[in-house]
Every structure is written in structure tokens, then in C-alpha cells.
Amino acid sequence: MNILLGVGGSELSYYALSETISRADEAGDDLTVAIFSSEEAEATRDEIRERVEARLAESGFEADICYVEGDQPGGELVELAENGGFDRIVLGGGKRSPLGKIQLGSIVEFVLLNAQTPVTLIR
Numbered sequence: 001m002n003i004l005l006g007v008g009g010s011e012l013s014y015y016a017l018s019e020t021i022s023r024a025d026e027a028g029d030d031l032t033v034a035i036f037s038s039e040e041a042e043a044t045r046d047e048i049r050e051r052v053e054a055r056l057a058e059s060g061f062e063a064d065i066c067y068v069e070g071d072q073p074g075g076e077l078v079e080l081a082e083n084g085g086f087d088r089i090v091l092g093g094g095k096r097s098p099l100g101k102i103q104l105g106s107i108v109e110f111v112l113l114n115a116q117t118p119v120t121l122i123r
């Protein structure tokens with residue numbers, strides 16, 4: 001399976017990175033990590049890349065890394081998945097409100113609502 005993982009610098013996206021690396025390693029999947037800027041995180045793209053590379057090195061897993069450009073990272077992720085022949089998009093995100101309802105960030109919500117490719121949300 002060819003997996004596209006979006007990492008925007010939030011702690012949930014780093015958790016999704018770790019989980020996805022483990023799963024891809026076990027299943028023999030190919031992984032591409034798409035780094036994007038998110039309003040939910042203050043990290044720069046270079047800082048995000050450093051953490052991604054460190055986690056990959058720590059696990060001994062090889063993955064391609066690319067950047068998602070533009071003002072609409074959700075749309076770019078959807079387009080990249082469709083044009084790149086990916087079988088699944090993986091994103092970290094979503095938290096529970098005090099009333100127990102799931103709250104999604106704008107990028108995750110856009111991808112979930114617009115992707116033709118199956119999406120896995122890791123929380």
C-alpha cells in the first residue's frame with residue numbers, strides 16, 4: 001500500500017507519524033510524509049522536517065519527504081493523494097470537546113470531506 005501522511009507540526013501529527021511508521025513497517029507499506037504549515041502549530045517547516053527525519057532515523061524506516069505548498073494545505077494534500085497514486089491519506093488530529101464531541105482542525109476537516117482517497121484519522 002502507498003501511504004501519504006500529512007504532518008503539520010502538532011503533537012497529534014507527530015503521534016500519527018510514529019503510529020504510521022510502525023504500521024507501515026509491519027505491513028511493508030511505502031510511506032511519503034507531506035510536511036505542511038498549520039495554524040495549530042508554531043513550528044516552522046524546517047523544524048517539522050527535523051523531527052520527522054529524527055523519528056524516521058530512530059525507527060530505521062525509510063520514507064520519502066515532501067512539502068505541501070500554498071495557502072490551502074488540505075486541498076494540496078487531496079490533490080497530491082489523487083495525482084500521486086496514493087492508496088490512503090493518514091492525518092493526526094481531532095480532540096474531544098468538554099461535551100464529548102470530536103473537534104477537527106480546518107485542514108483535517110477539509111481532507112475528510114473532499115478526498116476521494118480513503119482517509120485514516122489518528123487520535
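With my numbering as the guide, the letters of the sequence shown map in order to residues 1 to 123. Virtual Cβ for every residue (Gly too), placed ideally from N, Cα, C. Remember, predicted model here, so these are calculated numbers, not experimental data.
| Check | Outcome |
| --- | --- |
| Within the continuous beta strand (DSSP E) that includes Leu91, where are the two ends? | 88 to 92 |
| Do three or more CB pairs link the stretch 3 to 10 to the stretch 82 to 93 at distances below 8 angstroms? | yes |
| Ser38 to Val111, Cα distance in whole Å? | 14 angstroms |
| Give me the Cα-Cα distance between Gly74 and Val108, rounded to the nearest whole angstrom. | 7 angstroms |
| Smallest Cα separation from Phe61: which of Asp29, Ile122, Gly9, Asn114? | Asp29 |
| List the endpoints of the continuous alpha helix (DSSP H) containing Asp25. | 11 to 27 |
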